[in-house]
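Just so we're aligned: the sequence shown equals residues 1 to 224 in the UniProt record's numbering.
Glycine is no exception: its CB is placed at the ideal position from the N, C-alpha and C atoms.
Here is the structure we will look at.
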Amino acid sequence: MKILLLEDDPAIAGALGTFLTEKGCTVTGCASLAGARQLLEDGLPDAAVLDWNLPDGDGAAFCRELRQRYPRLAILLLTVRGDTRDVLTGFACGADDYVTKPFDREVLYSRLLALWRRSGGSGADDALTCGGIRLDEARQAVTCGGVPVALAPLEYQLLRVLLQNKGRTVTRQQLLESLWDHNGHFVNDNTLTVTMKRLREKLGRPACIKTVRSFGYRLEEDAP
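This is the structure:
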């Protein structure tokens with residue numbers, strides 16, 4: 001199981017990271033939201049363990065962001081905030097589980113395993129497909145007609161959002177709210193246009209990607 005560990009306390013991060021590694025997990029750690037966003041560009045984990053209070057932002061808000069972009073990602077909030085209102089807020093933000101500090105590492109690991117199984121970690125195919133395009137979220141790989149296609153991070157993000165909404169029109173505004181650069185900043189309208197142009201070129205201008213003029217884009221499985 002690949003785990004993203006977002007924790008700004010070095011003692012907790014070190015001890016938990018070592019423990020999970022000994023359990024056979026591949027752990028990638030960071031201490032800030034900016035660092036987490038950068039790591040996500042390199043590949044999607046099976047599960048994310050998120051602290052709430054972080055030096056550059058709110059872990060619960062980041063949880064909501066992750067849930068919107070990665071509906072099947074297992075997310076566990078790990079925090080000192082144990083008030084009932086905080087717990088309810090955490091679940092409302094999209095957390096699958098909520099663990100308060102101090103915590104038992106064995107129990108936390110068991111909870112992560114349960115989340116992973118429920119999210120399809122036992123071997124389910126995470127690929128998104130449309131018209132010969134296949135995006136494998138587990139391997140962060142894209143093929144078109146069986147041929148591997150190398151995409152830049154923004155191009156990959158754009159394709160994933162369109163595939164997740166196959167058959168539905170996605171507005172430009174919705175896409176702008178779903179794309180961010182390597183610094184964690186949302187992109188502008190011109191960047192979206194350029195990214196779409198490059199994505200289409202790399203995929204061989206597939207007919208399944210439709211432009212809805214002055215509105216947005218749509219993926220159609222049986223487009224002529």
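Cα-Cα separation between residue i and residue j, rounded to whole angstroms
i: C144; j: P45; result: 23 Å
i: D177; j: R69; result: Looking at the sequence itself, residue 177 is Glu, so the reference to Asp does not match. If you take the alpha carbons of E177 and R69, they lie about 10 Å apart.
i: S122; j: V212; result: With a pLDDT of 43 at S122, under the threshold of 50, the modelled position of that residue is not reliable, and the figure given next carries that caveat. For S122 and V212, the distance between alpha carbons rounds to 38 Å.
i: L108; j: R134; result: 34 Å
i: L154; j: V187; result: 9 Å
i: L5; j: L73; result: 13 Å
i: D96; j: R64; result: 11 Å
i: E22; j: L16; result: 10 Å
i: R81; j: G14; result: 21 Å
i: T193; j: S110; result: 44 Å
i: R85; j: I209; result: 43 Å
i: G131; j: N53; result: 43 Å
i: M196; j: L219; result: 13 Å
i: A48; j: T26; result: 12 Å
i: M1; j: R198; result: 33 Å
i: L20; j: Y98; result: 18 Å
i: Q157; j: Q140; result: 10 Å
i: G35; j: D56; result: 10 Å
i: V170; j: V161; result: 9 Å
i: L159; j: G146; result: 16 Å
i: Q38; j: N190; result: 22 Å
Secondary structure of residue i, DSSP reduced to three states
i: L128; result: strand
i: L66; result: helix
i: N190; result: helix
i: A36; result: helix
i: A152; result: coil
i: G17; result: helix
i: G123; result: Reliability of the predicted coordinates at G123 is poor, the pLDDT of 41 falling under 50, and no value is obtained from them.
Bounding residues of the beta strand (DSSP E) (the contiguous stretch that carries residue i)
i: P148; result: 147 to 149
i: D136; result: 133 to 136
Proximity test, Cβ basis, 8 Å: residue i and chain B
i: L115; result: Structure shown: chain B not included; a single protein chain is present.
Residues that residue i bridges to, as DSSP identifies them
i: Y98; result: L77
i: L50; result: L6, L77
i: R218; result: T169, K210
i: D58; result: N53
i: C144; result: I133, V147
Cβ distance (whole Å) where residue i is taken to contact residue j below 8 Å
i: L163; j: K202; result: Not confirmed; about 15 Å, so no contact.
i: E7; j: G29; result: 7 Å
i: G24; j: A60; result: Not confirmed; about 29 Å, so no contact.
i: L115; j: L76; result: 6 Å
i: L88; j: L50; result: Not confirmed; about 16 Å, so no contact.
Start and end residues, alpha helix (DSSP H) containing residue i
i: G29; result: Element bounds for G29: not the alpha helix (DSSP H) but the beta strand (DSSP E), 26 to 30.
i: E106; result: 105 to 118
i: G90; result: 84 to 92
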